[in-house]
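Numbering (UniProt numbering), first residue to last: 1 to 90.
Built from N, CA and C at the ideal position, the CB exists for glycine as well.
Treat the numbers as computed from the prediction; the structure is a model and nothing was measured.
Contents: one structure, followed by commentary.
Below is the structure:
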């Protein structure tokens with residue numbers, strides 16, 4: 001099951017993002033369920049959120065992954081949405 005995780009950072013939390021980025025990237029690598037990932041950017045090109053496509057067994061596994069992300073544990077996100085996604089192109 002593919003799940004799109006769309007997370008928006010709390011305003012003025014770039015420092016929190018940068019302080020936890022290495023742990024976040026290591027978590028992505030170690031879990032082996034991330035099909036695609038990258039930051040969301042504002043008009044100036046600053047990171048303001050994340051888009052991650054998870055390839056997991058079910059929504060519960062996707063939620064567990066999201067809950068254990070170092071960014072989430074650091075309190076970076078203002079909002080997180082998990083949506084089942086169907087790959088059509090690419």
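- Cβ atoms of residue 74 and residue 80 stay farther apart than 8 Å, at about 13 Å.
- Boundaries for residue 63: no beta strand (DSSP E) harbours it, while the alpha helix (DSSP H) harbouring it runs 59-68, taken from the DSSP string.
- Annotation: the continuous alpha helix (DSSP H) that includes residue 23 extends over 14-31.
- Here DSSP, grouped into helix, strand and coil, assigns residue 72 to helix.
- Here DSSP, grouped into helix, strand and coil, assigns residue 3 to strand.
- For residue 53, the enclosing beta strand (DSSP E) covers residues 47-55.
- Under the criterion of beta carbons closer than 8 Å, residue 56 and residue 1 qualify as touching, at roughly 6 Å.
- For residue 43, no beta strand (DSSP E) segment is defined, and its DSSP state is neither H nor E.
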